[in-house]
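Asker: If you're matching positions, the sequence shown starts at 0 in numbering that gives the first Met the number 0 and goes up one per residue. Glycine included, C-beta positions come from ideal geometry on N, C-alpha and C. Note that the structure is a prediction, hence the values are computed from the model and not measured. Okay, here's the structure, questions in a sec.
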Amino acid sequence: METALYLPIKTFLEKAGYAVKGEIGGCDLLGLSDGEPPLVVICELKLSFNLELVLQAVDRAAASDEVWLAARISAKGKGRERDRRFRDLCRRLGFGMLGVSDLGTVDVLVSPCSPMPRKNPRRRSRLLSEHKRRQGDPTAGGGSRMPVMTAYRQRALACAAVLAAGPQRPKDLKTPAADAAKILQDNVYGWFERIDRGVYALTQTGRQALERWPQPSLAITAGI
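Written as structure tokens, this is what we have:
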């Protein structure tokens, strides 16, 4: 699975000075540099270099400063990483290529050097916001079958953890989530129910969510 490539690439980018998190806004990896505004680096993962990987990179380019394609290097030496035409295509598009060996070592096959396409400020802003609000790095990049632990889901779980002890009012949940009132009212995941005016309780679905994602003591205060 692509998730097997996540840690080697994450380590590589972190050594280059980026704060890296997985599955941000559909991107397998999103790295931010220090400083304001930060440099935004996106990396997409596949088990082998192919056209779909290039198309994903094209889609991500407008929201980033730098895009990397990463895949496992073919053991038989017959992968696309050996194809000069594929490497030249990446160079023309301005994309970098990273090869991951069976031992987990990462090699730069092509450096991103060409001018990137026109930026999409709104999409870029959403990616930056999600990266900064998400607590830790709970989801490995490259997966597609498991729910992504977004910053919103983290805050909803923090509310659920408080409600597990008994019904509460939204104002009592502002410490774990500043936007607790909106989270409870919207009830995106079906975890909450209003049992009285301004009083909410946890549903059975919410209790099951806490069993799936046990919560430590959190103090999540970022807005939605």
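1) Could you name the residues that DSSP lists as bridge partners for LYS20?
2) Under a three-way DSSP split, which group does PHE11 fall into?
3) What residue from PRO137, LEU108, PRO215 has the CA that sits closest to VAL161's CA?
4) Looking at C-alpha atoms only, which residue of ASN186, ASP195, LYS173, ILE182 is the closest neighbour of PRO166?
5) Label GLN153 either buried or exposed according to how many other C-beta atoms from any shown protein chain fall within 10 Å of its C-beta, with 16 as the threshold for buried.
6) Please report the straight-line C-alpha distance between LYS9 and LEU38, rounded to a whole angstrom.
7) Tell me the DSSP bridge mates of ILE41?
8) Going by alpha carbons, who is nearest to ARG81 out of LEU97, GLY93, VAL66?
9) How about LEU12 and VAL99: are their beta carbons less than 9 Å apart?
10) Out of curiosity, what's the CA-to-CA distance linking ALA139 and ARG59?
11) Taking ARG193 as part of the beta strand (DSSP E), name the residues at either end of that continuous run.
12) With DSSP as the reference, label GLN214 as helix, strand or coil.
Answerer: According to the structure data:
1) For the purposes of this step, residue 20 is identified with residue 21 of the sequence shown, where counting begins at 1. Its beta-bridge partners are LEU29.
2) Taking the first residue of the sequence shown as 1, we reach residue 11 at position 12. Judged by DSSP in its simplified three-state form, PHE11 adopts helix.
3) Residue 161 sits at position 162 when you count from the first residue of the sequence shown. It is PRO215.
4) For the purposes of this step, residue 166 is identified with residue 167 of the sequence shown, where counting begins at 1. Among ASN186, ASP195, LYS173, ILE182, the Cα nearest to that of PRO166 belongs to ASP195.
5) Within the sequence shown, the letter at position 154 stands for residue 153. The residue is buried, with at least 16 neighbouring Cβ atoms inside 10 Å.
6) Taking the sequence shown and counting its residues from 1, one reaches residue 9 at position 10. Taking the sequence shown and counting its residues from 1, one reaches residue 38 at position 39. Their Cα atoms are separated by approximately 16 Å.
7) Residue 41 sits at position 42 when you count from the first residue of the sequence shown. Bridge partners of ILE41: LEU29, VAL66.
8) Numbered from its first residue, the sequence shown carries residue 81 at position 82. Ranking the options by Cα distance to ARG81, first place goes to LEU97.
9) Within the sequence shown, residue 12 is the residue found at index 13, counting from 1. Within the sequence shown, residue 99 is the residue found at index 100, counting from 1. Not in contact: LEU12 and VAL99 (Cβ atoms no closer than 9 Å).
10) Mapped onto the sequence shown, residue 139 falls at position 140. Mapped onto the sequence shown, residue 59 falls at position 60. Going from the Cα of ALA139 to the Cα of ARG59 covers about 18 Å.
11) As a first step, residue 193 must be located in the sequence shown, where it is residue number 194. Here the beta strand (DSSP E) through ARG193 covers 191-195.
12) As a position in the sequence shown, residue 214 is number 215, starting the count at 1. DSSP places GLN214 outside both helix and strand once states are collapsed to three, so it counts as coil.
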